[in-house]
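Residue numbers (UniProt numbering): 1 to 224.
From the three backbone atoms N, C-alpha and C, an ideal C-beta is built for every residue, glycine too.
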């Protein structure tokens, strides 16, 4: 109910702006009703798209893990490597809680890493909420994804394993690449358009369609 009221307020605001820009005569002869209906549909579509874009695909609310083989996890990860935790940093707040920073000294990589030092964030919560904590000084086989803020993140469902238990998965992954300890930090990524860009483009398209519709109504009223 509150969302519908919010939509109505936004529509009324847009109508007021258009009236001040084009004049009330341009919105007569049923134009207001037509444009309100158009705006209501467009705002509803934008609301749905915004919710879809903003929901992190890599984090399920009940932590329902997909699973799969080592090659399956390699396929859906941005970065895969074997490394030791050399720093357990501070936490920063996010939409789902505290993200803790971990720095790894990388020994071997299978995907995305070309450096000896990689920083990854993981939620501090329990396994039930997809949280995962690494122990400083221990080595792991790490699967990480690139989040929408361009940081590398991982969680309980990513499939990270202590290196002492990762023998079978390492055999499935193959030889991998020994990382140059003097290389600069580089991470391959195929990040799509950011959340802000997607929403901004949607708003621009909506306003363009609305202004064009008002211009058509004004033109029709002028010659009627």
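Run of the alpha helix (DSSP H) containing residue i, from where it starts to where it stops
i	result
residue 75	70-76
Endpoints, the beta strand (DSSP E) within which residue i is located
i	result
residue 93	79-94
Alpha-carbon to alpha-carbon, residue j and residue i
i	j	result
residue 148	residue 101	16 Å
residue 103	residue 97	20 Å
residue 164	residue 139	8 Å
residue 153	residue 130	12 Å
residue 92	residue 215	48 Å
residue 95	residue 126	16 Å
residue 136	residue 106	14 Å
residue 67	residue 124	21 Å
residue 110	residue 146	16 Å
residue 310	residue 172	This structure leaves residue 310 out entirely; the chain is present only between 1 and 224.
residue 192	residue 221	The predicted model places residue 192 with a pLDDT of 45, which falls under 50 and marks its position as unreliable, so this point remains unresolved.
residue 181	residue 202	44 Å
residue 206	residue 117	45 Å
Under the three-state DSSP convention, the category residue i falls into
i	result
residue 153	strand
residue 202	helix
residue 189	Only weak support exists for where residue 189 lies, its pLDDT of 40 falling under 50; the value from the coordinates is given anyway. Looking at residue 189 - three-state DSSP - the assignment turns out to be coil, as it is neither helix nor strand.
residue 53	Its pLDDT being 43, under 50, residue 53 is placed unreliably in this model, and the coordinates cannot settle the point.
residue 132	coil
residue 167	helix
residue 213	helix
residue 116	coil
residue 175	coil
residue 111	strand
residue 184	Annotation note: pLDDT 49 at residue 184 (below 50); position unreliable, coordinate value reported separately. DSSP places residue 184 in coil when its eight states are reduced to three.
residue 122	strand
residue 220	helix
Own chain partners of residue i with C-beta closer than 7 Å, once the 5 adjacent residues on each side are dropped
i	result
residue 128	63
residue 108	81, 82, 176, 177, 178, 179
residue 141	82, 160, 161, 163, 166, 169, 170
Own chain partners of residue i with C-beta closer than 6 Å, once the 5 adjacent residues on each side are dropped
i	result
residue 89	101
residue 159	73, 143
residue 134	85, 102
residue 151	121
residue 70	169, 172, 173
residue 65	157
Beta bridge counterpart(s) of residue i as assigned by DSSP
i	result
residue 105	84, 117
residue 208	Beta-bridge pairing links residue 208 to no other residue.
residue 142	81
residue 98	93
Close-in-space but distant-in-sequence residues of the same chain around residue i (CB under 8 Å, 5 per side omitted)
i	result
residue 77	111, 112, 143, 144, 145, 158
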